[in-house]
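Here my numbering is used: the first residue of the sequence shown is 26, the next is one more, and so on.
Glycine included, every Cβ here is placed at the ideal spot set by N, Cα and C.
Everything numeric in this text was worked out from a predicted model, so none of it was measured.
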Amino acid sequence: MAEHTPWLVVRAPVPRPALRLFCLPYAGGNAGAFETWRAGLPRSVEVNAVQYPGRRERADEQAPRRMTPLVQALEAALAPHLDRPYAVYGDCLGAYVAFELVRRLARRGHRPADLLVVSSAVPPHRAGVEPDWSAMDDAAFLAELVALGTMPPAVAGHPELAAAALPAARADFELGRSYRLRDPDPVGVPVTAIVGDADPHVPATQAAAWADLTTAGCTTLTVPGGHDLLARADAGLLRAVRSALVGKEPS
Numbered sequence: 026m027a028e029h030t031p032w033l034v035v036r037a038p039v040p041r042p043a044l045r046l047f048c049l050p051y052a053g054g055n056a057g058a059f060e061t062w063r064a065g066l067p068r069s070v071e072v073n074a075v076q077y078p079g080r081r082e083r084a085d086e087q088a089p090r091r092m093t094p095l096v097q098a099l100e101a102a103l104a105p106h107l108d109r110p111y112a113v114y115g116d117c118l119g120a121y122v123a124f125e126l127v128r129r130l131a132r133r134g135h136r137p138a139d140l141l142v143v144s145s146a147v148p149p150h151r152a153g154v155e156p157d158w159s160a161m162d163d164a165a166f167l168a169e170l171v172a173l174g175t176m177p178p179a180v181a182g183h184p185e186l187a188a189a190a191l192p193a194a195r196a197d198f199e200l201g202r203s204y205r206l207r208d209p210d211p212v213g214v215p216v217t218a219i220v221g222d223a224d225p226h227v228p229a230t231q232a233a234a235w236a237d238l239t240t241a242g243c244t245t246l247t248v249p250g251g252h253d254l255l256a257r258a259d260a261g262l263l264r265a266v267r268s269a270l271v272g273k274e275p276s
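If you want it as structure tokens, here you go:
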């Protein structure tokens, strides 16, 4: 059995899972976004939710602000857990982390992923420049997080909860602003791109462009909803993820 790592939260361990699913949250999110996923996926799939430094039980650690050191740390944390077939899922900013992680693992000789699933994300080679979120005061930044659907209004309106969440959220948005796809080499892993049919930030045509970043085929799935599918624990998103995973479990 692989040793425990603070990077992974596994609510329901599966002995010898047919597939491990490593899940990376949106900017400002944490492993709690995946607490209900186990019940909606096949019993043979083990959900491993990634917990970044700077949130929840890792609140005293420094939140990552740059992609390369984050992916390097994830490689080290996940390496002992790659003894089984696995897929990687990322939402919004987490989609970029997932893409870079899958690519790094393959390049460095680890067992390659069986599938990359992304949601609510324009592919990085099509992404524009993010706003300079650091210039916003806390009130304006919180309002943007609520508008994006990444922070519940009840949290943003609670001074203590908002103060606890702000440092990690600011770090995540700095991470997103600083990230650029400098190396366009595609992954040799199938990709499933999921998008909400009312997402104002990610048109379905943009989501389909994830096909440019894989040599193993890309499937685009459109579900009802906007940009905050994961934050709202959307049932359609989970059904789409389940659909993508079917067939990736070895018989």
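C-beta atoms of TYR51 and ASP116 nearer than 9 Å | The residue given as residue 51 occupies position 26 in the sequence shown. The residue given as residue 116 occupies position 91 in the sequence shown. Against a cut-off of 9 Å, the Cβ pair of ASP116 and TYR51 comes out as a contact.
When the distance is taken between beta carbons, is ALA260 closer than 9 Å to LEU294?
-> Summary: the structure shown does not reach residue 294, with the chain confined to residues 26 through 276, and so no result is reported for it.
Ignoring anything shorter than 3 residues or poking outside the segment 162-238, list the beta strand (DSSP E) runs there in chain order.
-> 216-221
With a cut-off of 8 Å on the beta carbons, I'd call GLY65 and ALA194 a contact; round off their distance for me.
-> The residue given as residue 65 occupies position 40 in the sequence shown. The residue given as residue 194 occupies position 169 in the sequence shown. Actually they do not touch by this definition, with Cβ atoms about 26 Å apart.
So what does LEU44 bridge to, in DSSP terms?
-> Residue numbering aside, residue 44 sits at position 19 when the sequence shown is read from its first letter. Answer by DSSP bridge pairing, in chain order: VAL70.
Rounded separation between PRO31 and ALA223 - CA only | Counted from its first residue, the sequence shown places residue 31 at position 6. Counted from its first residue, the sequence shown places residue 223 at position 198. Those two C-alpha atoms are separated by around 35 Å.
First and last residue of the alpha helix (DSSP H) that includes TYR121?
-> In the sequence shown, residue 121 corresponds to position 96, counting from 1. Where TYR121 is concerned, the enclosing alpha helix (DSSP H) stretches over 118-132.
Could you give the distance in angstroms between the alpha-carbon of ALA279 and the alpha-carbon of ARG90?
-> The question about residue 279 has no answer, for the chain in this structure spans 26 to 276.
With a 10 Å radius around its C-beta and 16 neighbouring C-beta atoms as the bar for buried, classify PRO105 as buried or exposed.
-> Locating residue 105 in the sequence shown gives position 80, where the first residue counts as 1. Per the 10 Å Cβ criterion, exposed.
Using the Cα positions of ARG80 and VAL220, report the straight-line distance between them to the nearest angstrom.
-> Residue 80 sits at position 55 when you count from the first residue of the sequence shown. Residue 220 sits at position 195 when you count from the first residue of the sequence shown. Whole-angstrom Cα-Cα distance: 27 Å.
At what residues does the alpha helix (DSSP H) containing LEU263 begin and finish?
-> For the purposes of this step, residue 263 is identified with residue 238 of the sequence shown, where counting begins at 1. Per DSSP, LEU263 belongs to the alpha helix (DSSP H) from 260-270.
For GLY182, count neighbouring Cβ atoms within 10 angstroms of its own Cβ and tell me buried if that reaches 16, exposed if not.
-> For this step, residue 182 is matched to residue 157 along the sequence shown. Flag for GLY182 reads exposed.
How is the alpha helix (DSSP H) around THR93 delimited, first residue to last?
-> As a first step, residue 93 is located in the sequence shown; it is residue number 68 there, counting from the start. Residues 92-103.
Cβ of ALA278 within 9 Å of Cβ of ALA233?
-> Nothing in the structure corresponds to residue 278, since the chain is present only between 26 and 276.
Assigned secondary structure, SER144 (DSSP; H/G/I helix, E/B strand, else coil) | For the purposes of this step, residue 144 is taken as the residue at position 119 of the sequence shown. Looking at SER144 - three-state DSSP - the assignment turns out to be strand.
Can you tell me whether DSSP reads ALA152 as helix, strand or coil?
-> Locating residue 152 in the sequence shown gives position 127, where the first residue counts as 1. In the structure shown, ALA152 sits in coil (DSSP, three-state: anything other than H, G, I, E or B).
Among VAL39, ARG83, SER69 and VAL113, which residue has its Cα nearest to the Cα of LEU48?
-> To locate residue 48, count along the sequence shown from 1; it is residue 23. What sits at residue 48 in the sequence shown is Cys, not Leu. Of the candidates VAL39, ARG83, SER69 and VAL113, the one whose C-alpha sits nearest the C-alpha of CYS48 is VAL113.
Nonlocal neighbours in the same chain, by C-beta distance under 7 Å from ALA258, ignoring five residues either side | On the sequence shown, residue 258 is found 233 positions in, with the first residue counted as 1. Result list for ALA258: THR61, in chain order.
Quick one: grab the DSSP three-state call for ALA138.
-> Here residue 138 is taken as the residue at index 113 of the sequence shown, counted from 1. Here ALA138 sits in coil by DSSP.
Can you check DSSP and say which residues form a bridge with GLY53?
-> By one-based count along the sequence shown, residue 53 stands at place 28. Answer is none; GLY53 lacks a bridge partner.
Under 9 Å between the Cβ atoms of ASP163 and ALA187?
-> The count along the sequence shown starts at 1 and reaches residue 163 at position 138. The count along the sequence shown starts at 1 and reaches residue 187 at position 162. For ASP163 and ALA187, yes; Cβs fall inside 9 Å.
Where SER276 and HIS135 are concerned, what is the direct C-alpha to C-alpha distance, given to the nearest angstrom?
-> For this step, residue 276 is matched to residue 251 along the sequence shown. For this step, residue 135 is matched to residue 110 along the sequence shown. Unreliable positioning characterises SER276 in this predicted model, as indicated by a pLDDT of 45, which lies under 50. The coordinate reading is nonetheless provided below. Between SER276 and HIS135, the C-alpha separation is close to 22 Å.
Would the segment 32-46 and the segment 68-86 be scored as touching if the rule is three or more Cβ pairs under 8 Å?
-> yes
Can you tell me whether ASP157 is buried or exposed, with buried defined as 16 or more other CB within 10 angstroms of its CB?
-> Residue numbering aside, residue 157 sits at position 132 when the sequence shown is read from its first letter. Result: exposed.
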